[in-house]
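Those sequence lines, one after another, are chains W and Z.
Here my numbering is used: the first residue of the first sequence is 1, the next is one more, and so on.
Here my numbering is used: the first residue of the second sequence is 1001, the next is one more, and so on.
I have placed the structure first, in the form of structure tokens, so that the comments after it can refer back to it.
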Amino acid sequence: KNEVEQSPQNLTAQEGEFITINCSYSVGISALHWLQQHPGGGIVSLFMLSSGKKKHGRLIATINIQEKHSSLHITASHPRDSAVYICAVPRETSGSRLTFGEGTQLTVNP
Amino acid sequence: KAGVTQTPRYLIKTRGQQVTLSCSPISGHRSVSWYQQTPGQGLQFLFEYFSETQRNKGNFPGRFSGRQFSNSRSEMNVSTLELGDSALYLCASSFYNEQFFGPGTRLTVL
């Protein structure tokens, strides 16, 4: 069993749909990162959260530390949201030494 | 503020050679972490440097090494390259646990 598990692995949606990506983890200390990777490789940090909920534009991330579970939601999805979404948890109190999920490949069709 | 920069962006080497990759963190960030991304293994933590000291190390052979300079710039070195070292190498600088990723160096070993 992977220490950080994401579901689904692949997701295809129509433009405008509400999207949810889930992440469960068995390791890590107190915080979780959601990352976005576009073709070409560059990774952008979307959220770092240790409790509750954060919102940035059409993106919402929630976390339940007790249950070691987080979700990333995208409202009113758009083709430009197509990317790989990766959750990661740090193994050190410094916040470093991230352990990554396998990623969710999201494709949003117009 | 300028983001994390990595040089070179692309590199082609042959088996047995060695390679040095460079990472310049965001100004003021003292922690630099390195990650390897391959299609088979996904993203994996290589090592972290903080104030010129290696603070954490992942599960990679001794052919992989790194260092950090007094200006927080970091280099990683891979000696005796193997085909399996072909990967995207990402560095991230962090400040108060939030990690900011560079664009990566894509290394191809022939």
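Every residue gets a Cβ at the ideal spot worked out from N, C-alpha and C, and that includes glycine.
| What are the boundary residues of the beta strand (DSSP E) that includes His56/W? | Translated into the one-based positions of the first sequence, residue 56/W becomes position 56. Here the beta strand (DSSP E) through His56/W covers Gly52 to His56.
| request: Hey, could you find the ends of the beta strand (DSSP E) Phe1100/Z is sitting in? | output: Locating residue 1100/Z in the second sequence gives position 100, where the first residue counts as 1. Element bounds for Phe1100/Z: Glu1098 to Phe1101.
| task | Report the three-state DSSP secondary structure of Pro90/W (helix, strand or coil). | result | Here residue 90/W refers to the residue found at position 90 of the first sequence. Pro90/W: strand per DSSP, three-state reduction.
| field | chain W contact residues for Phe1045/Z, given Cβ-Cβ distances below 9 Å | value | As a working mapping, residue 1045/Z is identified with position 45 in the second sequence. Here the neighbours are Arg91, Ser96, Arg97, Leu98, Thr99 and Phe100.
| request: Determine, using beta carbons only, whether Gly1066/Z comes closer than 9 Å to chain W. | output: In the second sequence, residue 1066/Z corresponds to position 66, counting from 1. Answer no: the Cβ-Cβ gap between Gly1066/Z and chain W never drops below 9 Å.
| query | Using Cβ-Cβ distances below 9 Å, what residues of the segment 32-45 of chain W are close to chain Z? | reply | His33, Leu35, Gln37, Gly40, Gly41, Gly42, Ile43, Val44 and Ser45
| field | Identity of the residue in Leu1083/Z, Ser1094/Z, Asn1097/Z and Ala1092/Z nearest Ile1012/Z by Cα | value | Mapped onto the second sequence, residue 1012/Z falls at position 12. Nearest option by C-alpha distance: Leu1083/Z.
| said: Taking 8 Å as the cut-off, does the segment 1066-1077 of chain Z touch the segment 1041-1050 of chain Z (at least 3 CB pairs, one atom from each stretch)? | reply: yes
| Is there a Cβ from chain Z that is less than 9 Å from the Cβ of Gly16/W? | The residue labelled residue 16/W in the question sits at position 16 within the first sequence. No - not a single Cβ of chain Z is within 9 Å of the one on Gly16/W.
| query | If you check the beta carbons only, do Gly1042/Z and Phe47/W fall under 9 Å apart? | reply | Position 42 of the second sequence, counted from the first residue, corresponds to residue 1042/Z. Position 47 of the first sequence, counted from the first residue, corresponds to residue 47/W. No; because the gap between Cβ atoms is not below 9 Å, this pair is not in contact.
| If you measure from the beta carbon of Gly57/W to each beta carbon in chain Z, is any gap under 9 Å? | For the purposes of this step, residue 57/W is taken as the residue at position 57 of the first sequence. No, because no Cβ of chain Z sits closer than 9 Å to the Cβ of Gly57/W.
| query | Under 8 Å from any heavy atom of the ligand PLP, does the C-beta of Ile1012/Z make it? | reply | In terms of ligand content, the structure shown is empty, and the ligand PLP therefore cannot be addressed.
| task | Taking only beta-carbon positions, decide if Ala88/W is within less than 9 Å of chain Z. | result | Translated into the one-based positions of the first sequence, residue 88/W becomes position 88. At least one chain Z Cβ lies under 9 Å of Ala88/W.
| said: Can you tell me whether Leu1083/Z is helix, strand or coil according to DSSP? | reply: Counting from one through the second sequence, the residue named residue 1083/Z turns up at place 83. Leu1083/Z: helix per DSSP, three-state reduction.
| Would Ser7/W pass as a contact of Asn22/W if the rule is Cβ separation under 9 Å? | Here residue 7/W refers to the residue found at position 7 when the first sequence is read from its first residue. Here residue 22/W refers to the residue found at position 22 when the first sequence is read from its first residue. Yes, they are a contact pair.
| Supposed contact pair Gln1037/Z and Leu1088/Z - C-beta distance, whole angstroms, cut 8 Å | Here the question's residue 1088/Z lines up with position 88 in the second sequence. Here the question's residue 1037/Z lines up with position 37 in the second sequence. Correct: roughly 4 Å between the Cβ atoms.
| What is the residue span of the beta strand (DSSP E) that Ser77/W lies within? | Looking up residue 77/W in the first sequence gives position 77. It is not in any beta strand (DSSP E) - Ser77/W carries neither H nor E in the DSSP assignment.
| task | Answer with buried or exposed for Arg1015/Z, where buried requires no fewer than 16 other C-beta atoms within 10 angstroms of its C-beta. | result | Residue 1015/Z sits at position 15 when you count from the first residue of the second sequence. Arg1015/Z should be labelled exposed.
| task | Select from the segment 1031-1061 of chain Z all residues with a C-beta closer than 8 Å to any C-beta belonging to chain W, and list them in chain order. | result | Ser1031, Ser1033, Tyr1035, Gln1037, Gly1042, Leu1043, Gln1044, Phe1045, Glu1048, Phe1050, Arg1055, Asn1056 and Gly1058
| Test: Gly103/W CB closer than 9 Å to a CB of chain Z | Position 103 of the first sequence, counted from the first residue, corresponds to residue 103/W. Taking Cβ atoms only, chain Z reaches closer than 9 Å to Gly103/W, which makes this a yes.
| Own chain residues within Cβ distance below 7 Å of Glu17/W, not counting five before or after | Looking up residue 17/W in the first sequence gives position 17. Here the set comprises Ser77.
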